[in-house]
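Structure first, then comments.
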Amino acid sequence: MATVDNPVDREITENLTRIRDRISATAQKWSRAATDVELVAVSKKQPIERLEAALKAGHRIFGENRVQEAKAKWPELKSRYMDVQLHLIGPLQTNKAKEAVALFDVIQSVDRLKLARILAKEMADADRQIPVYIQVNTGEEEQKAGVGPGEADDFIRQCREDVGLDVQGLMCIPPAGEQPAPHFALLVKIADRNGIKKLSMGMSADFETAVQLGATSVRVGTGVFGLRTE
Ligand SMILES: *Cc1c(COP(=O)(O)O)cnc(C)c1O
């Protein structure tokens with residue numbers, strides 16, 4: 001690793017090391033391989049110097065929740081760090097699908113047929129097939145994106161068979177103020193019965209529970225970068 005010579009670089013490097021250590025320790029405790037859990041560093045609303053610090057520390061997997069914001073930051077960073085893998089983890093409007101396909105390497109928030117069809121078309125037009133995850137609204141919250149747990153099987157089948165998307169994973173965001181474990185367990189169940197291998201679940205406050213229950217991606221923002229500038 002390169003020498004760390006300023007306070008921000010040092011802070012982010014230490015944070016990354018600490019989160020990775022906690023992921024490894026939890027994986028080990030539950031007889032999982034630490035290498036089966038990837039850390040998606042959620043860089044939304046963070047200053048560029050903090051993103052740069054993570055890149056300099058060797059981190060390459062990042063998550064953003066808004067297309068416009070990601071577009072303002074990442075094309076330049078990606079031109080310098082070509083092996084960056086950028087995940088879209090927030091709701092996607094159909095009129096941003098083309099930009100999303102151009103910029104992101106994984107789209108974790110597919111949750112309706114219209115969006116699925118437009119993504120498939122934009123991927124075909126761009127000759128760029130990128131993996132998608134289906135977002136499941138495990139808490140069936142009115143205001144939250146995601147397909148309901150009861151509709152997930154049908155939706156996954158349609159995305160795969162009718163639309164032709166490469167559905168590799170499921171994603172969920174448990175309701176605030178509830179125990180996350182039952183939501184993670186529900187996501188695992190839906191994945192298992194649909195032959196889905198990847199599970200994006202767990203954030204700064206609950207990623208260890210998610211790793212225990214089978215997460216293959218944890219999405220950690222503040223734990224890596226510190227508090228966001230709102
Ligand atoms: C912001 C965000 C995160 C990261 O949240 P932290 O609590 O900062 O770790 C994870 N997932 C999604 C979908 C987010 O929008």
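Taking our numbering, I'd label the letters of the sequence shown as residues 1 to 230. Positions of the beta carbon are idealized from the N, C-alpha and C atoms, including for glycine. Here the structure is a predicted model, which is why all the values come from computation and not from measurement.
Helix, strand or coil at residue i [DSSP, three-state]
i      : result
Ser43  : coil
Glu151 : coil
Met123 : helix
Ser24  : helix
Leu227 : coil
Lys197 : coil
Leu115 : helix
Arg18  : helix
Val37  : coil
Thr138 : coil
Whether residue i touches residue j by CB criterion (8 Å)
i      : j      : result
Gln129 : Met171 : no
Lys98  : Glu69  : no
Glu76  : Lys44  : no
Val188 : Val42  : no
Val224 : Ala54  : yes
Pro131 : Gln168 : yes
Lys198 : Ser217 : yes
Leu51  : Lys73  : yes
Gly150 : Gln135 : no
Residue i, enclosing alpha helix (DSSP H) - first and last residue
i      : result
Ile190 : 181-193
Leu213 : 207-213
Where the beta strand (DSSP E) through residue i begins and ends
i      : result
Val132 : 132-135
Arg219 : 217-220
Ser109 : 106-110
Taking 5 Å as the limit, name every residue whose beta carbon sits nearer than that to some heavy atom of ligand 1, in sequence order. Val42, Asn65, Ile89, Met203, Ser204, Arg219, Val220, Gly221, Thr222
Going along the chain, which unbroken runs of the alpha helix (DSSP H) with 4 or more residues stay wholly within the stretch 39-96? 48-56, 67-80
Could you tell me which whole alpha helix (DSSP H) segments of length 4 or greater appear in the stretch 152-178? 152-157
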